[in-house]
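Residue numbers (my numbering): 1005 to 1344.
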């Protein structure tokens, strides 16, 4: 098997230089481009293959990134993971999926990551500050960087890549307002979650900027299967011209409930959701939604993690990704008597 010392011997340079160039990252940038090309060419000619096990023994880390989540079954997680895998596959890293249940112990999880010599960790769909803080602090002691992807609370020195939910709520309002809508309902699932609160705040702030004060009764929180019927009855009674739901699942339930009551969507009321999940294109009508660009968030979280694996010091960092509007058939201009 060809080793780095063989490349060094062939070129008459130090093994340390060969190792730094083949490893890539900031250390490789210290060498002239001509030297880097020379080493890479010699490695190819000799048939050198990277030995991940040797790297793990030498550095205490392997080329595996941990992905921690509690929502493996949902499409949101799949989209984020797609972005992660697309990038890691280009960078000679692998992804280890670490599912966790509701009953979880941050210390045990950190020990698992440390014991498996993970190079870094990305965590998604966990919004518990104490859990995230314990995990971050324990991993940091072993120089394992952690990136929190998606909406999350502010946790100490963490690296965070998040969707801009305030902006998401704002573009939802601005789109409906542009269609002539002036009366709104905003039912929400998971109203305790930061992303739900920020969506509603973004919507309400944009409404206030347009001179519209949302009535308290417009905000209906956490409807479940037992009271979706009640929610739809209230919608029919109040009959706003537009309804913005904080999830696509809730939007589908609302549309179905309204249709059972002979209320037409979007002719009588416009309904839109958030998430842009695949089923939105299979509904009747197809559901207008806002997409939080989870695949791109996954890619950016991975890029940030790899930068810190390569030796950059971890400092607090927060980057927001904007939502994008996806217009379909569940929204239309406000009925004449409810519009401008």
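Glycine included, every Cβ here is placed at the ideal spot set by N, Cα and C.
| Query | Result |
| --- | --- |
| Cβ-based neighbour list, residue 1320, same chain, cut-off 6 angstroms, excluding 5 preceding and 5 following | 1161 |
| Close beta carbons around residue 1102, own chain, < 6 angstroms, minus the five adjacent residues each side | 1070 and 1072 |
| Integer Cβ distance of residue 1167 from residue 1154, believed to fall under 8 angstroms | 7 angstroms |
| Nonlocal neighbours in the same chain, by C-beta distance under 6 angstroms from residue 1344, ignoring five residues either side | Because the pLDDT of residue 1344 is 47, which lies under 50, any placement of that residue in the model is unreliable, and the number read from its coordinates should be weighed accordingly. Around residue 1344: 1184. |
| Three-way DSSP call (helix, strand, coil) for residue 1089 in this model | helix |
| Spatially closest choice to residue 1068 from 1122, 1210 and 1234, by CA coordinates | 1122 |
| For residue 1124 and residue 1213, the rounded distance between their alpha carbons | 43 angstroms |
| Where residue 1284 falls: helix, strand or coil (DSSP) | helix |
| Backbone secondary structure at residue 1258 - three-state DSSP | helix |
| Neighbourhood of residue 1047 by C-beta distance below 7 angstroms, restricted to the same chain and skipping five residues each side | 1011 and 1026 |
| Backbone CA spacing between residue 1129 and residue 1159 [nearest angstrom] | 14 angstroms |
| Reference residue 1231; option with closest CA among 1210, 1192, 1216 and 1197 | 1192 |
| Proximity of residue 1132 and residue 1299 at Cβ, strictly below 9 angstroms | no |
| Residue 984, enclosing alpha helix (DSSP H) - first and last residue | An answer regarding residue 984 cannot be provided, because it is not within the stretch 1005 to 1344 covered by the chain. |
| N- and C-terminal bounds of the beta strand (DSSP E) containing residue 1052 | From DSSP, residue 1052 is part of no beta strand (DSSP E); its letter is neither H nor E. |
| Reference residue 1216, options 1187, 1205 and 1244, closest by Cα | 1187 |
| For residue 1306 and residue 1092, believed in contact at Cβ under 8 angstroms, the rounded distance | 6 angstroms |
| Sheet register partners of residue 953 (DSSP bridge) | Nothing about residue 953 can be reported from this structure: the residues present for the chain run from 1005 to 1344 only. |
| Start-to-end residues for the beta strand (DSSP E) that takes in residue 1322 | 1321–1325 |
| Span separating the alpha-carbon of residue 1075 from that of residue 1120 | 22 angstroms |
| Through-space distance from residue 1267 to residue 1331, alpha-carbon basis | 21 angstroms |
| The region 1195–1215 in contact with the region 1170–1177 per 3-pair CB rule at 8 angstroms | yes |
| Classification of residue 1241 by the beta-carbon crowding that lies within 10 angstroms, buried from 16 upward | exposed |
| Contact check, residue 1021 vs residue 1043, beta carbons under 9 angstroms | yes |
| Same chain, Cβ closer than 8 angstroms to residue 1289, five either side skipped, listed in chain order | 1259, 1269, 1270, 1332, 1333 and 1334 |
| Selected residue, minimal CA-CA separation from residue 1293, among 1302, 1265, 1263 and 1253 | 1253 |
| Inter-residue CB distance, residue 1246 and residue 1180 (contact presumed, cutoff 8 angstroms) | 5 angstroms |
| Residues near residue 1015 in its chain [Cβ-Cβ closer than 8 angstroms; skip 5 each side] | 1022, 1042, 1043 and 1046 |
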